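Visitor: Numbering of the sequence shown is given in the working numbering, commencing with residue 111 and proceeding in unit increments. Yeah, the Cβ is synthetic: ideal placement off N, Cα and C, and Gly gets one too. Note that the structure is a prediction, hence the values are computed from the model and not measured.
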Amino acid sequence: IEEAQSLFNAGKYAECIEAAAQGIEDRAWRESWWSLKTRAELATGRYCDALVTVEKALDRFPSSIRLRLLGREVYRYNDWPERADQRLAEAEEMVLRQSWRYSDPVNRVVLGRLFLLLGADAKQVLEIFFDRSRRDRPDHLDTYLATGEMALEKHDYALAAEAFEGALKLAPSDPAVHLGLARSHLPSDAERAQAALARALQLNPNHADSLLLMADRLIDREQYEQADELLERVLSVCSTHPLACAYRAVLAHLDGDEWGERTWRLSALAHWPANPQVDHTIGRKLSQKYRFREGAAYQRLALALDPSYLPAK
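Structure (structure tokens):
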């Protein structure tokens with residue numbers, strides 16, 4: 111599993127899928143193989159394959175909260191929102207009914223992620239789930255990643271940096287860790303952020319989130335051709351990556367290409383039509399370019415898709 115995870119971290123997603131499929135054939139009782147295969151299929155836009163994988167995995171591991179949360183994302187990208195909501199509700203019910211089953215450090219992190227999705231207070235989640243998990247098992251990488259991601263959501267960049275520094279000691283070759291550091295340092299230390307971002311892309315030249323963050327910054331500097339080249343790299347791995355298509359819509363708008371703007375937006379929403387992040391991203395970038403009326407219109411579109419989407423609000 112460690113070798114297959116290394117393939118994923120290096121952006122060799124096809125090889126990772128093949129290795130995970132072999133792992134499932136040899137050791138189907140190990141949940142991590144199913145989870146890794148699903149994540150690699152999502153990364154390459156193989157959403158139907160991911161659906162098949164996660165459904166089979168849930169048949170084998172019916173009590174898994176982790177697979178239900180992963181399945182929620184898979185169902186959304188297969189335009190099956192009712193099933194996504196169902197899996198979340200199932201997870202909550204299972205925890206309330208059999209909380210003792212999920213009391214180990216690994217599952218406590220999963221529970222923390224679940225309760226954040228359900229709207230729990232971030233400080234309580236940190237204390238009850240993430241901090242306790244880290245004390246009981248300080249070598250569990252996902253604890254640090256979950257803490258860092260939550261801190262970034264709350265704009266607590268100091269806590270985020272601390273969490274990702276802890277993750278770096280455990281997984282120095284994981285590009286997601288370096289991306290987390292880049293996002294943590296971006297508001298206060300652009301040089302450190304750029305170095306972390308460069309390291310993430312050195313480890314995985316196909317790391318979509320790192321490429322998108324770099325493209326975002328290039329758009330801010332009006333280096334549109336260079337940004338477009340990075341977006342093309344994302345789309346070469348996942349041809350309908352929603353945020354890459356959203357940024358292409360931004361570039362089309364700035365170029366006065368209305369048809370291109372509409373086409374790229376539709377491509378961004380092709381697999382998950384109710385994804386509010388697409389319109390929010392387009393609107394945010396347009397407003398940063400002082401096109402406030404157009405930016406506000408896109409935020410309204412995002413809220414029409416999801417009235418509870420806080421970033422658009």
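Under DSSP, the alpha helix (DSSP H) around T163 begins and ends at which residues?
Guide: Sequence index remark: in the sequence shown, residue 163 carries index 53 (1-based). Element bounds for T163: Y157 to R170.
Visitor: Is D367 helix, strand or coil by DSSP?
Guide: Start at 1 with the first residue of the sequence shown, and residue 367 comes out as number 257. The answer is coil: DSSP assigns D367 none of H, G, I, E or B.
Visitor: I'd like to check one pair, Y357 with L411: are the Cβ atoms closer than 8 angstroms?
Guide: Within the sequence shown, residue 411 is the residue found at index 301, counting from 1. Within the sequence shown, residue 357 is the residue found at index 247, counting from 1. It is not a contact, given that the beta carbons lie outside the stated cut-off.
Visitor: Sorted by chain position, which residues of the same chain lie with C-beta nearer than 6 angstroms to V220's C-beta, five sequence neighbours on each side aside?
Guide: Against the sequence shown, residue 220 aligns to sequence position 110. Only I175 and R176 meet the Cβ criterion.
Visitor: R211 and F239 look like a contact to me (Cβ under 8 angstroms); what is the Cβ gap, rounded to whole Å?
Guide: Taking the sequence shown and counting its residues from 1, one reaches residue 211 at position 101. Taking the sequence shown and counting its residues from 1, one reaches residue 239 at position 129. About 15 angstroms; that fails the 8 angstroms criterion.
Visitor: Threshold first: 4 residues or longer. Then list the alpha helix (DSSP H) segments lying entirely within the region 295–340, N to C.
Guide: Runs of the alpha helix (DSSP H) inside the region 295–340: 300–313 and 318–330.
Visitor: For P421 versus H381, is the C-beta spacing smaller than 8 angstroms?
Guide: The count along the sequence shown starts at 1 and reaches residue 421 at position 311. The count along the sequence shown starts at 1 and reaches residue 381 at position 271. No. Outside cutoff.
Visitor: If you draw a straight line from the C-alpha of G370 to the C-alpha of L289, how long is it?
Guide: Against the sequence shown, residue 370 aligns to sequence position 260. Against the sequence shown, residue 289 aligns to sequence position 179. In a straight line, the C-alpha of G370 is about 30 angstroms away from that of L289.
Visitor: Are the beta-carbon atoms belonging to A130 and L146 less than 8 angstroms from one another?
Guide: Along the sequence shown, read from residue 1 onward, the residue named residue 130 stands at position 20. Along the sequence shown, read from residue 1 onward, the residue named residue 146 stands at position 36. Yes, the pair counts as a contact, with Cβ atoms nearer than the cut-off.
Visitor: Reducing DSSP to helix, strand and coil, say where D231 ends up.
Guide: Counting from one through the sequence shown, the residue named residue 231 turns up at place 121. Note: D231 maps to coil in three-state DSSP.
Visitor: Return the CA-CA distance between E128 and Y400, expressed in angstroms with no decimal places.
Guide: Numbered from its first residue, the sequence shown carries residue 128 at position 18. Numbered from its first residue, the sequence shown carries residue 400 at position 290. Looking at the two C-alpha atoms, the distance is approximately 47 angstroms.
Visitor: Please determine, among G366, T373, P191 and M204, the residue with the shortest C-alpha to C-alpha distance to A384.
Guide: To locate residue 384, count along the sequence shown from 1; it is residue 274. Selected option, being the one with the closest Cα: P191.
Visitor: In chain order, what are the residue ranges of uninterrupted alpha helix (DSSP H) at least 4 long that sit wholly in the region 364–417?
Guide: The region 364–417 contains these whole alpha helix (DSSP H) runs: 368–378, 386–398 and 402–415.
Visitor: Look at the Cβ atom of H317, then the Cβ atom of G121, and state whether they are nearer than 8 angstroms.
Guide: By one-based count along the sequence shown, residue 317 stands at place 207. By one-based count along the sequence shown, residue 121 stands at place 11. Against a cut-off of 8 angstroms, the Cβ pair of G121 and H317 comes out as a contact.
Visitor: Please state whether DSSP places W139 in a helix, a strand or coil.
Guide: Within the sequence shown, residue 139 is the residue found at index 29, counting from 1. Three-state DSSP puts W139 in coil, outside helix and strand.
Visitor: Does DSSP put G181 in a helix, in a strand, or in coil?
Guide: The sequence position of residue 181 within the sequence shown is 71, counting from 1. DSSP places G181 in helix when its eight states are reduced to three.
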